[in-house]
Amino acid sequence: MTAASPPEVLRAPLVVEFPFTRSLGPVQSAFLTGLRERVVLGVKTADGKVMVPPVEYDPVTAEEIRELVEVGATGTVTTWAWNGSPRPGQPLGTPFAWVLVRLDGADTAILHALDAPGPEAVRTGMRVRIRWAGERTGAITDIACFEPHDAEATEQATPHDGQFADAVTGIVAAARLDYTYSPGRSQTAYINALADRRTVGERCPSCHKVYVPPRGACPTCGVATTDQVEVGPAGTVTTYCIVNIKAKNLDIEVPYVYAHIALDGADLALHGRIGGIPYDQVRMGLRVEPVWTEGGRHPDHYRPTGEPDADYDAYKELI
Amino acid sequence: MPTTSRYARDVAVVAFAQSDHRRRSDELSEVEMVMPVLHQVLDQTGLKAGEIGFTCSGSSDYLAGRAFSFTMTLDGVGAWPPISESHVEMDGAWALYEAWVKIQTGEADTALVYSYGKSSPGSVRDVLTRQLDPYYLAPLWPDSVALAALQAQALIDAGETDEAALAAIAARSRTAAEANPHAQLRGGAVEQGDYQVRPLRTGDCPPIGDGVAAVVLAAGDTARRLCARPAWITGIDHRIEAHGLGLRDLTDSPSTRIAAEHAGVFDAPVDTAELHAPFSSQEVVLRKALRLDGDDVAVNPSGGALAANPVMAAGLIRIGEAAARIHRGESDRAVAHATSGPCLQQNLVAVLEGEPA
Numbered sequence: 000m001t002a003a004s005p006p007e008v009l010r011a012p013l014v015v016e017f018p019f020t021r022s023l024g025p026v027q028s029a030f031l032t033g034l035r036e037r038v039v040l041g042v043k044t045a046d047g048k049v050m051v052p053p054v055e056y057d058p059v060t061a062e063e064i065r066e067l068v069e070v071g072a073t074g075t076v077t078t079w080a081w082n083g084s085p086r087p088g089q090p091l092g093t094p095f096a097w098v099l100v101r102l103d104g105a106d107t108a109i110l111h112a113l114d115a116p117g118p119e120a121v122r123t124g125m126r127v128r129i130r131w132a133g134e135r136t137g138a139i140t141d142i143a144c145f146e147p148h149d150a151e152a153t154e155q156a157t158p159h160d161g162q163f164a165d166a167v168t169g170i171v172a173a174a175r176l177d178y179t180y181s182p183g184r185s186q187t188a189y190i191n192a193l194a195d196r197r198t199v200g201e202r203c204p205s206c207h208k209v210y211v212p213p214r215g216a217c218p219t220c221g222v223a224t225t226d227q228v229e230v231g232p233a234g235t236v237t238t239y240c241i242v243n244i245k246a247k248n249l250d251i252e253v254p255y256v257y258a259h260i261a262l263d264g265a266d267l268a269l270h271g272r273i274g275g276i277p278y279d280q281v282r283m284g285l286r287v288e289p290v291w292t293e294g295g296r297h298p299d300h301y302r303p304t305g306e307p308d309a310d311y312d313a314y315k316e317l318i
Numbered sequence: 000m001p002t003t004s005r006y007a008r009d010v011a012v013v014a015f016a017q018s019d020h021r022r023r024s025d026e027l028s029e030v031e032m033v034m035p036v037l038h039q040v041l042d043q044t045g046l047k048a049g050e051i052g053f054t055c056s057g058s059s060d061y062l063a064g065r066a067f068s069f070t071m072t073l074d075g076v077g078a079w080p081p082i083s084e085s086h087v088e089m090d091g092a093w094a095l096y097e098a099w100v101k102i103q104t105g106e107a108d109t110a111l112v113y114s115y116g117k118s119s120p121g122s123v124r125d126v127l128t129r130q131l132d133p134y135y136l137a138p139l140w141p142d143s144v145a146l147a148a149l150q151a152q153a154l155i156d157a158g159e160t161d162e163a164a165l166a167a168i169a170a171r172s173r174t175a176a177e178a179n180p181h182a183q184l185r186g187g188a189v190e191q192g193d194y195q196v197r198p199l200r201t202g203d204c205p206p207i208g209d210g211v212a213a214v215v216l217a218a219g220d221t222a223r224r225l226c227a228r229p230a231w232i233t234g235i236d237h238r239i240e241a242h243g244l245g246l247r248d249l250t251d252s253p254s255t256r257i258a259a260e261h262a263g264v265f266d267a268p269v270d271t272a273e274l275h276a277p278f279s280s281q282e283v284v285l286r287k288a289l290r291l292d293g294d295d296v297a298v299n300p301s302g303g304a305l306a307a308n309p310v311m312a313a314g315l316i317r318i319g320e321a322a323a324r325i326h327r328g329e330s331d332r333a334v335a336h337a338t339s340g341p342c343l344q345q346n347l348v349a350v351l352e353g354e355p356a
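Protein sequence lines, in the order shown, are assigned to chains A and B. Quick note on numbering: numbering that gives the first Met the number 0 labels position 265 of the first sequence as 264, and the sequence is numbered without any gaps. Quick note on numbering: numbering that gives the first Met the number 0 labels position 354 of the second sequence as 353, and the sequence is numbered without any gaps.
Below is the structure:
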């Protein structure tokens with residue numbers, strides 16, 4: 000928070016995390032299975048070049064390429080960059096060199112890390128060899144890193160059938176990204192009002208529609224919604240559905256009703272759960288009000304007010 | 000038109016606007032950041048949002064970690080009832096390409112193109128690793144600076160540059176940015192600093208920040224009506240390298256060269272070049288590919304991406320800056336370039352021309 004940005008800028012941690020499951024083609028499968036067995040395979044392109052790491056299709060002709068060869072676990076650095084501050088997920092936790100390495104017998108280079116004492120120990124043209132990971136699963140990380148290796152290149156590519164017992168056919172690539180979410184001017188005002196158990200929308204200065212929750216702009220007029228308008232607390236169920244599947248980590252008994260609720264004074268319905276009434280008695284036009292729980296930053300659910308149902312004509316434009 | 004067009008229709012950039020590019024913009028949501036720039040660019044033409052034939056945006060939800068953030072920013076153009084629009088998960092330069100094609104088909108006479116990047120909520124170096132080959136590269140988390148550093152070392156090994164020359168590119172860019180009120184990093188006194196990933200120092204790397212850009216395209220007589228001196232797109236093309244980094248000669252950019260040939264860059268001299276080179280070393284590669292070897296061409300008079308690099312907008316800004324120089328009468332024939340991916344993976348080249356006064 001800074002003095003220059005009143006009101007307080009809200010911030011919250013946001014984690015985006017996916018385990019991507021990806022299938023492999025026959026060439027990638029042979030390559031990654033080979034790494035598990037400490038064998039490095041390349042593929043021959045249409046013009047006879049040996050590509051490591053290999054791909055399924057020729058990068059020039061787009062032909063399917065399947066002729067596998069075994070290359071050495073030793074090679075030559077073609078370019079490098081010294082990484083003094085390793086970042087999360089990178090191959091080594093201590094300072095290392097990123098390298099492109101042309102393995103003996105290959106015509107192209109593979110990207111990986113080189114474990115070296117410092118930048119003065121690294122140069123283009125230096126000889127290196129693979130340091131294998133102790134536990135290997137059929138992934139590029141089966142190569143723990145490269146390490147300096149003072150020996151001349153001798154190996155040539157030799158034919159390989161790519162056959163291994165129990166070939167890997169896919170990888171699971173975990174990915175996690177950490178963010179700090181801040182909602183911006185309009186939603187900050189909305190969230191701050193909720194903390195006082197008030198629902199505050201914003202009115203479009205051009206068409207005068209009141210948006211709840213506000214997103215900062217009127218999608219019809221393309222201008223900022225700046226006038227704040229308190230709406231509710233009561234509202235009308237405009238439409239609803241009955242949820243019969245229990246969501247993971249959600250402590251609500253099924254079936255329950257999830258509804259669109261047009262709060263009084265709002266020109267847009269918001270979403271909420273309906274409680275305090277059997278699920279099969281909820282109906283369009285039902286009048287409801289928010290129920291707050293101790294410490295909650297938004298209504299826990301909405302319950303019937305006991306008023307007569309709203310006329311269809313009163314809410315039909317908001318469905 | 001200055002030269003005979005090879006295309007079905009003559010299309011020009013008639014307006015350009017951008018935000019001030021800043022390290023953070025926590026107090027604004029994406030649509031709140033984008034909307035003022037949309038209003039500015041439309042104001043320049045006198046058009047209202049509803050009068051635009053086609054709208055195309057470029058952005059990446061990964062930057063701020065907000066799913067479908069581009070649908071939220073669409074509120075800012077007044078997209079309801081539904082308008083004719085599209086989105087690319089790429090730099091806005093490619094959104095401009097799609098809009099240009101749309102106008103070529105005759106389905107629209109005008110287009111609004113905008114793009115934005117909000118890198119501040121996340122760690123953009125790490126976020127960009129997620130665009131890499133998922134089998135062989137992404138599991139190693141090689142960040143954007145590391146990959147650019149491998150390219151820089153290859154250039155140094157080839158004798159095409161050295162650290163002093165890279166520092167000079169960085170200093171020249173930030174000195175030029177003194178005249179650019181939107182730039183995030185300006186002034187010749189910006190320190191080169193320590194190595195980020197050797198051989199690249201802090202000064203060789205772009206600033207991280209949030210920003211927005213927008214342009215309006217128009218065809219033929221509409222362009223002449225909306226702009227005193229339209230920046231005619233007389234050529235535009237984009238190409239991509241093979242995706243294996245170890246397969247490429249990192250010291251060269253055949254994709255840029257071929258795109259430039261197809262865009263007609265070499266058919267006549269240019270006086271201005273706006274190059275999307277986020278890293279100082281990448282300007283070396285692009286100058287070679289575009290044959291910008293002398294001092295007779297103003298290269299990145301805006302300061303370029305080394306002065307402001309809102310990811311997903313920085314390429315569109317290059318086209319906008321080149322066009323704005325033509326609008327102002329400071330250029331007659333300019334080349335604009337945009338890039339995407341690691342080590343100049345994909346490249347778009349456009350030629351912009353103004354008619355004689």
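A virtual CB, placed ideally from N, CA and C, is assigned to each residue, including glycine.
Minimum Cβ-Cβ distance from residue i to chain A less than 9 Å
i	result
residue 202 (chain B)	no
residue 266 (chain B)	no
residue 31 (chain B)	yes
residue 0 (chain B)	Legend: pLDDT at residue 0 (chain B) = 49, less than 50; position of this residue unreliable, no value from coordinates given.
residue 78 (chain B)	yes
residue 197 (chain B)	yes
Selection from the options that minimises the alpha carbon distance to residue i
i	options	result
residue 317 (chain A)	A:294, A:304, A:263	A:263
residue 290 (chain B)	B:99, B:82, B:256, B:297	B:256
residue 111 (chain B)	B:55, B:141, B:179, B:169	B:55
residue 140 (chain B)	A:85, A:288, A:57	A:85
residue 135 (chain A)	A:312, A:170, A:121, A:157	A:170
residue 16 (chain B)	B:348, B:33, B:22, B:7	B:33
residue 31 (chain B)	B:347, B:18, B:41	B:18
residue 265 (chain B)	B:235, B:246, B:278, B:279	B:235
residue 356 (chain B)	B:343, B:327, B:335, B:95	B:327
residue 145 (chain B)	A:125, A:53, A:313, A:82	A:82
residue 227 (chain A)	A:238, A:13, A:245, A:202	A:202
residue 240 (chain B)	B:26, B:338, B:58	B:338
residue 226 (chain B)	B:150, B:14, B:10	B:14
9 Å Cβ cutoff met for residue i and residue j
i	j	result
residue 275 (chain B)	residue 319 (chain B)	no
residue 188 (chain A)	residue 218 (chain A)	no
residue 51 (chain B)	residue 215 (chain B)	yes
residue 208 (chain B)	residue 21 (chain B)	yes
residue 259 (chain B)	residue 348 (chain B)	yes
residue 211 (chain A)	residue 269 (chain A)	yes
residue 114 (chain B)	residue 28 (chain B)	no
residue 185 (chain B)	residue 119 (chain B)	no
Test: residue i CB closer than 9 Å to a CB of chain B
i	result
residue 255 (chain A)	no
residue 4 (chain A)	Below a pLDDT of 50, predicted positions are generally treated as unreliable, and residue 4 (chain A), at 48, falls in that range; no measurement from the model is reported.
residue 198 (chain A)	no
residue 109 (chain A)	yes
residue 186 (chain A)	yes
Cβ neighbours of residue i in the same chain (closer than 7 Å, five flanking residues each side left out)
i	result
residue 2 (chain A)	At residue 2 (chain A), the pLDDT of 43 sits below 50, so the modelled position is not reliable and the matter cannot be decided from this model.
residue 340 (chain B)	130
residue 66 (chain B)	60
residue 125 (chain B)	140, 142
Those residues which DSSP pairs with residue i across a bridge
i	result
residue 340 (chain B)	DSSP output for residue 340 (chain B) lists no bridge partner at all.
residue 40 (chain A)	A:69
residue 56 (chain B)	B:86, B:113
residue 172 (chain A)	A:19
residue 357 (chain B)	An answer regarding residue 357 (chain B) cannot be provided, because it is not within the stretch 0 to 356 covered by chain B.
residue 199 (chain A)	A:229
residue 271 (chain A)	A:258
Residues near residue i by beta carbon distance below 6 Å, same chain, minus five either side
i	result
residue 330 (chain B)	270, 271, 324
residue 156 (chain A)	49, 68, 70, 104
residue 240 (chain A)	257
residue 292 (chain A)	299
residue 178 (chain A)	13
residue 107 (chain B)	52, 53, 101
Cβ of residue i within 9 Å of any chain E Cβ
i	result
residue 152 (chain A)	Considering every chain present, this structure includes no chain E. Its protein chains are A and B.
Beta-carbon proximity list for residue i, same chain, < 8 Å, skipping 5 on both sides
i	result
residue 127 (chain A)	73, 74, 75, 76, 98, 100, 113, 145, 146, 147, 148
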